[in-house]
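There are 8 protein chains.
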Amino acid sequence: MTLDLRRQARIGLDESVFCIGKTPEQISAILLRLTQAKGRALLTRLDPKKLGALPQALRKRLDYDPSSWTAFLGRTAKPRSKPQVAVLTAGTSDRAVAREAARTLAYYGHATTEIGDIGVAGLWRLMERVDEIRRHPVVIVVAGMDAALPSVVGGLVPGAVIAVPSSVGYGVAKGGETALRAALASCAPGVTVVNIDNGYGAACAALRILNRAAT
Amino acid sequence: MTLDLRRQARIGLDESVFCIGKTPEQISAILLRLTQAKGRALLTRLDPKKLGALPQALRKRLDYDPSSWTAFLGRTAKPRSKPQVAVLTAGTSDRAVAREAARTLAYYGHATTEIGDIGVAGLWRLMERVDEIRRHPVVIVVAGMDAALPSVVGGLVPGAVIAVPSSVGYGVAKGGETALRAALASCAPGVTVVNIDNGYGAACAALRILNRAAT
Amino acid sequence: MTLDLRRQARIGLDESVFCIGKTPEQISAILLRLTQAKGRALLTRLDPKKLGALPQALRKRLDYDPSSWTAFLGRTAKPRSKPQVAVLTAGTSDRAVAREAARTLAYYGHATTEIGDIGVAGLWRLMERVDEIRRHPVVIVVAGMDAALPSVVGGLVPGAVIAVPSSVGYGVAKGGETALRAALASCAPGVTVVNIDNGYGAACAALRILNRAAT
Amino acid sequence: MTLDLRRQARIGLDESVFCIGKTPEQISAILLRLTQAKGRALLTRLDPKKLGALPQALRKRLDYDPSSWTAFLGRTAKPRSKPQVAVLTAGTSDRAVAREAARTLAYYGHATTEIGDIGVAGLWRLMERVDEIRRHPVVIVVAGMDAALPSVVGGLVPGAVIAVPSSVGYGVAKGGETALRAALASCAPGVTVVNIDNGYGAACAALRILNRAAT
Amino acid sequence: MTLDLRRQARIGLDESVFCIGKTPEQISAILLRLTQAKGRALLTRLDPKKLGALPQALRKRLDYDPSSWTAFLGRTAKPRSKPQVAVLTAGTSDRAVAREAARTLAYYGHATTEIGDIGVAGLWRLMERVDEIRRHPVVIVVAGMDAALPSVVGGLVPGAVIAVPSSVGYGVAKGGETALRAALASCAPGVTVVNIDNGYGAACAALRILNRAAT
Amino acid sequence: MTLDLRRQARIGLDESVFCIGKTPEQISAILLRLTQAKGRALLTRLDPKKLGALPQALRKRLDYDPSSWTAFLGRTAKPRSKPQVAVLTAGTSDRAVAREAARTLAYYGHATTEIGDIGVAGLWRLMERVDEIRRHPVVIVVAGMDAALPSVVGGLVPGAVIAVPSSVGYGVAKGGETALRAALASCAPGVTVVNIDNGYGAACAALRILNRAAT
Amino acid sequence: MTLDLRRQARIGLDESVFCIGKTPEQISAILLRLTQAKGRALLTRLDPKKLGALPQALRKRLDYDPSSWTAFLGRTAKPRSKPQVAVLTAGTSDRAVAREAARTLAYYGHATTEIGDIGVAGLWRLMERVDEIRRHPVVIVVAGMDAALPSVVGGLVPGAVIAVPSSVGYGVAKGGETALRAALASCAPGVTVVNIDNGYGAACAALRILNRAAT
Amino acid sequence: MTLDLRRQARIGLDESVFCIGKTPEQISAILLRLTQAKGRALLTRLDPKKLGALPQALRKRLDYDPSSWTAFLGRTAKPRSKPQVAVLTAGTSDRAVAREAARTLAYYGHATTEIGDIGVAGLWRLMERVDEIRRHPVVIVVAGMDAALPSVVGGLVPGAVIAVPSSVGYGVAKGGETALRAALASCAPGVTVVNIDNGYGAACAALRILNRAAT
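Residue numbers (my numbering), protein chains in the order written: chain Y, 1 to 215; chain R, 1001 to 1215; chain H, 2001 to 2215; chain V, 3001 to 3215; chain D, 4001 to 4215; chain B, 5001 to 5215; chain C, 6001 to 6215; chain G, 7001 to 7215.
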């Protein structure tokens, strides 16, 4: 096991623990090492079953969020006064992904403005909130199926727009592939994209932007 | 050569001449037969070069539209008083496809309302025209890249919405494949889709709707 | 939770509840809101297990159809005298999708003519019913595998033809992808297509057509 | 250069010369060797430009068919009294592929019944010829786009049905890929398939059947 | 339920019962109808669990083969004296598909020569049996992964070669997609292909050939 | 023609003129309108041939860059003192895309640090420049083929990393599709991605970040 | 059952038992035959459940490794003094594949140097071990997601580099497809690739190299 | 321009010049730098037209091979006494790729044994040469379409087998994609694969093996 403990110094982000494909034993061992070195850790994609298979002593120390399958170990940063990131979702099924982004930002002390159910099929829901959304320097947009939302948002707000295609949908939605392609082909200029369902990655991209703006 | 001269009687539409993959000689022979039997014909995908290779006598009798590569041979129906089909395009490059739809409808005597450049990146352009668009029982929406326009339109108008994905774009746009998938995965209920760049097919679908409503 | 309660006024269709990716708690909350506001609701893709996880009081008020995984909450419109939509299926396995379409139409008060097992491998079955089918202004055709049925039907009937590719089949059938592509490439003019297994979407498209014809 | 001169003895078919990817020099050299050894040869995919680049002496000895880009060198077998293979096409653009099959069969002394323009959008054209088609032990069906024809034919005739998907069409037709998949997923039992546009392969498959039946 | 009881008369094959996507109730009802009309039936893809859910009285009348998930109901034809079809498999995992082909042929009274484990990685195994295989007018070749076996066999035997790509393998094997494409691109002339794992279809294709040769 | 002249006010970016799919006449007309309204314009994907087809009077007023096929019309902003965006390329063939990004930034008055030929096959080339690159708040990385460079850079620098997959390469590179997928699946946290060859989009994303940081 | 017992003599490798798609009975029968003939055998992809279904007497004789699902039956060769193969992994989840390679090599008496967790997001971890890795004539690199590691390694070491794409990851990672394509498009010259997760195949490739170098 | 002049020292291979996507000016500049530093260079994918656009003085110094589009600048190593690499091709059209491999090996002083036209459709051609092929420690196999040749060769020879899928073929061959997948899914153990048409990469892989065996 070789952890990248120097990552924070290099890029301003900790190595987090991506739990898919790791056994409970491997996760425990990594957490032990990380907390010894850094005092805290962020876990993603920790499903409830795998959580239950962790040693109880460890489990009790975790701040676990079942809606996003994320957990914090150890102290987290205090939320700053005003949210600089808005996290938008097109539909109810996109929530888990949005929560993963919000929790990752929370781990680093950033509050977020979460706005749900504003898919373009009922456009007025977005239009009512546009002024509020425009105030954030970074906007994360989670959308599945045809992913029309990032394009519409990208045409309305001046800040950084990070699209997270979600795997919501069936048939041609193809596990998020269509949403991904639509977001990348967006007709709005300057929309960037991360992997399907990758709320964590979108949050890290936001952090890279905010960390530098802070300097 | 076996033409489907009974098609009009069966489904209310003539057999048209799709010119891709046919030699000028084959096109001439088909036109001869069609005009003998029906007095008129619609040609699609007739590129200027192939047009030039047709016998001059025939060429002179064609009403050719270079923007859509369509041609009429013989008399066409008179336009009815009020357009029942709106044809929308997201960008300038979608025009050729929209024109193919409009010309096909014109061949059958239907006027159309053509509204261009209303892609969702500048949403106000669509919003200014929504009331006008809503008045049409059938709306054809041509859009490439992320094809967000059919979803937004589908959420705003009550009539039939037929999406035509266009092959505009590069990279992930993949010759219209992404627009096609996005339109099929549309979050707006009841949007239907035809093949990429198939303005002719969208017009035929509109005609099927209008023909029956007329009875 | 932001419901699109104004959708009926805008496009003549209620927001329905697509149950995939939603928890029983989320579904219950949405239903509560919808019935308060609209008095009724349509649920799709509600599998029997999730149905069983809903509160009993709510469950008892649902009119649930296990063959299509749809449910009605509250009063539905009375069926009109004569069906205007025919729903055709190629094989027994396409029935669930056809039922989703028929149930959606029933929710809005439309009776349907359902005709099953008329795949083109035994063409006489379709030919015996063609005259009956032709009398409907809208024909929904559900077919999987090679989806040859929409093309044959499209060449025989004058009304609107809406193809629903189904995920029936294995190997190259690829979960409906081949049926989808074949339907989009149909050699019959004016056939439109919705997403794989999307009986609900086909019904909404039919409603858009019928609603406007009614005016 | 190592020719498979023993192929006829092993499998009843000569090695033919597939001209794509070969220079005129390579083709000339192969033909020299083949005629020395076997007295005759079949060439496929010989486009007119490459034909023109062959040495004139050689060119004069070729029986070239511009519609199928095939050529015979040397004596061919005499046609037998009655055709045992029917070659059907859905549309005019499928002709070149059908001709490649017919020419390959002709090289081996088999006459064919060619029936064109019987695509399923105008079903009566096929129905009028069914009795005639049924009399052939082998039926080759060339069809592009949605390739519904092989399924319909497979449900109507008792003999071997070999589908040749053609690259006719645009958009989702994807160079014949959709026709290929649809033919493989055919709902008619026992339809077999060869590569896109592979009229030559279909003819060879027919020959394998006929050669054995002859014994 | 509309069965195609006239299929035998048209194409020499009964309608068989493909059990995927059908409920035990639907299967029972179909069998009742088929046996009333035809006295016998062939079932494919009947997994042991669904078999167990059929009514016991029906189950007892079935001749079920667990290795191929096929069943016969009622009398089957007597096997003819000498097998005319050889069924080859590349590896042990291809057996189930080969058995489906052999059982389908048995239903129609045809014995088969089954030869297993002759994948090209150990070429001598095939070479030792080539003379025996060559004596059959039809050779069915089941192979997964790279499907090299049909090409090698196609270069060695004169009869009809029908390739059945199997879903054996992982990674790039992609559920049989690679085997399918490789078989279609075979360098041996006249190899035909059916859908992935479609042993039933290959047998039907063989029957089409043998039925006509018999006349 | 409906231009989005209010875009600058909404999102801080002008509508630029994407020249693919537009005729020289359409481009001239758009430029006329844009310069009347805004005094300046940015053109992308203007190939030399289309440039040559523009009216000479217009052409003379364009500041054209043949390496990136971009042009400026009218005054551009003055470059600011220090570059805030580094534009990296893996190989010589990625230059055109990098130049499109740099030119777009220049249009808005931003200087860039361009560093070429630092593909990971010769890692020392990147390592020698890491300290310099780290000083930029935004890093655009253009890479084709396996697109390993964005991952390595993402693990070394703290600022925003925007990957632009390029269409460099052949075979599995598939016109940039592999680079695109690799960049999206990057093991480095927080790398965002734009469409293949979309240097313009990457620059717009950078501008969204810088515009907000400036406030 | 026809085993390839002559394989060792031909190519220096035993036929191993790939357990996917084989029943416990088939595996037992094959092992019986193999041990009679060769005294030993290697099993791959033997999951714990299938292991449990083997006869106990057989199970007790197996040297089973649960991390790689491999088993040895009978004597294995003694490890040689110094490892000639380094097996590298990008992340913890790639271990199972790496172990399959190491176990296959162990079966043939080769020790390996296993180095884990050296993904390029934390490049220093690789750089610290480069000198050690360079000493091996063969380097196997297991990496999923973007598979940037084989490219970086290929640019740093002179020996044979065999990339094994792993199915680690989600979304665009597509079960290893992206890693596979990225490895094949590697910008480092002379990197070769095997199937996704195919640790066994990589080890066999290494053995082919080492066996010949030994002579 | 930053050349990787230290590559030979690191990995035993020079940086070569891949000419696709580079202008004649860029190629000239790179060659100037390379010859100053190293005295020699290898160019790949230099098509005749681009060759003609190079300055004449430079062109005269190139040893150009039109069949493989490769060129040497400066002295090349003397061929060693006996070829250690066999380069096999399935058909005539695979020659260009095989030549690229042979030329790359020649640049480094390695002679090769080239054996053409041994595709598996005529298996005897391969069997006659097997003993000769087996004597080489490295065998490069170029094959398109179904790429059955690498599997058959992999089952017959003990040395390293490197498959190069070629883009030969049409339809499902898909520019080499099917050959690539078939080679990766090879049933013969230990076959490795490089990118489509990448003769250069196969040669580099061979060099990595031979360089280390030499020590």
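Where is the CB? At the ideal position from N, CA and C, for every residue including glycine.
Note that the structure is predicted; figures quoted are calculated from it, not measured.
With a cut-off of 7 angstroms, does the C-beta of D:Ser-4093 fall near any C-beta of chain C?
yes
Consider the Cβ of C:Gly-6021: report whether some Cβ of chain G lies at a distance smaller than 7 angstroms.
no
Name the residue from H:Asn-2211, H:Ser-2166, H:Leu-2156 and H:Leu-2207 whose alpha carbon lies nearest to the alpha carbon of R:Leu-1013.
H:Leu-2156
Tell me which same chain residues have a C-beta within less than 6 angstroms of the C-beta of C:Leu-6034, skipping the five on either side of it?
Ala-6041
What residue range is occupied by the uninterrupted alpha helix (DSSP H) comprising D:Pro-4065?
Here residue 4065 of chain D is Asp; the residue named in the question, Pro, does not match the sequence. Where D:Asp-4065 is concerned, there is no enclosing alpha helix (DSSP H), although the beta strand (DSSP E) it sits in stretches over 4062-4065.
Under 8 angstroms (Cβ pairs) to chain C, residues found in the segment 4113-4126 of chain D:
Gly-4116, Asp-4117, Ile-4118, Ala-4121, Gly-4122, Trp-4124 and Arg-4125
Grab me the residues of Y:Ala-206's own chain with a C-beta within less than 6 angstroms of its C-beta, minus the 5 sequence neighbours each way, in chain order.
Val-85 and Val-138
Using a Cβ cut-off of 7 angstroms (strictly closer), state whether B:Val-5191 contacts chain G.
no
Let me see if you follow: with CB-CB separation under 7 angstroms, is G:Val-7139 close to chain V or not?
no
DSSP on C:Val-6168, reduced to helix/strand/coil?
coil
Anticipated Cβ contact below 8 angstroms, B:Pro-5083 with B:His-5136, distance rounded:
7 angstroms
Taking the alpha carbon of Y:Asp-131 as the reference point, which residue from B:Arg-5006, B:Arg-5010 and B:Thr-5002 has its own alpha carbon closest?
B:Arg-5010
Beta-ladder partner(s) of D:Leu-4088, from DSSP
D:Ile-4115 and D:Val-4141
C-beta contact flag for Y:Gly-171 and Y:Ile-196 at 7 angstroms:
no
Determine the direct distance from the alpha carbon of V:Ala-3101 to that of V:Glu-3199, and round the result to whole angstroms.
Note that residue 3199 of chain V is Gly in the sequence shown here, rather than Glu. Taking the straight line from one Cα to the other gives about 4 angstroms.
Extent of the continuous alpha helix (DSSP H) run through B:Ala-5096:
5095-5107
Given that H:Gly-2159 touches chain R, what residues does it touch there, using C-beta distances under 7 angstroms?
Arg-1208 and Arg-1212
Answer with yes or no whether the minimum CB distance from Y:Gly-171 to chain H is below 7 angstroms.
yes
Determine the extent of the beta strand (DSSP E) in which D:Leu-4123 is found, giving its start and end residues.
Note, D:Leu-4123: premise wrong, no beta strand (DSSP E); not H, not E.
Taking 8 angstroms as the limit between beta carbons, can you name the residues of its chain near R:Gly-1039, skipping five residues before and five after?
Gly-1074 and Arg-1075
Look up V:Val-3153 in the DSSP assignment and say whether it is helix, strand or coil.
helix
Quick check on the DSSP output: the alpha helix (DSSP H) that includes H:Ala-2071 runs from which residue to which?
Per DSSP, H:Ala-2071 belongs to no alpha helix (DSSP H); it is in the beta strand (DSSP E), 2070-2073.
Nearest-angstrom Cα distance between C:Val-6193 and V:Asp-3146?
37 angstroms
Measuring alpha carbon to alpha carbon, tell me which of B:Leu-5088, B:Ala-5111, B:Arg-5181 and B:Arg-5095 ends up nearest B:Ile-5077.
Here residue 5077 of chain B turns out to be Ala, not Ile, going by the sequence shown. Answer by Cα proximity: B:Ala-5111.
Return helix, strand or coil for G:Leu-7042, following the three-state DSSP convention.
strand
For chain V, is any of its Cβ atoms less than 7 angstroms away from the one on D:Ala-4205?
yes
Candidates Y:Ala-29, Y:Leu-5 and Y:Ala-106, of which the one nearest Y:Ser-68 by Cα:
Y:Ala-106
Straight-line gap, V:Leu-3005 to D:Ala-4185 (C-alpha atoms, nearest Å):
22 angstroms
Closer than 8 angstroms by C-beta to C:Gly-6144: which residues in its own chain qualify, once you throw out the five before and the five after it? Chain order, please.
Ala-6090, Gly-6091, Ser-6093, Asp-6094, Pro-6165, Ser-6166, Ser-6167, Val-6168, Gly-6169, Ala-6173, Gly-6176 and Ala-6179
Secondary structure of B:Val-5161, DSSP reduced to three states
strand
Measure the C-alpha to C-alpha separation of G:Gly-7088 and G:Ala-7096 and round it to an integer number of angstroms.
This sequence places Leu at residue 7088 of chain G; Gly is not what is there. Cα to Cα, the separation comes out at about 12 angstroms.
Which of helix, strand or coil does DSSP assign to G:Val-7130?
helix
Partner residues on chain Y for C:Val-5947, Cβ-Cβ distance less than 8 angstroms
With chain C covering 6001 to 6215 only, the question about residue 5947 of chain C has no answer from this structure.
Going by beta carbon distance, what residues of the same chain come within less than 8 angstroms of G:Ile-7118, once the five residues before and after it are set aside?
Leu-7088, Thr-7089, Ala-7090, Arg-7125, Leu-7126, Arg-7129 and Leu-7149
Other residues of its chain near V:Glu-3015: CB distance less than 7 angstroms, five sequence neighbours each side excluded
Leu-3003, Asp-3004 and Arg-3007
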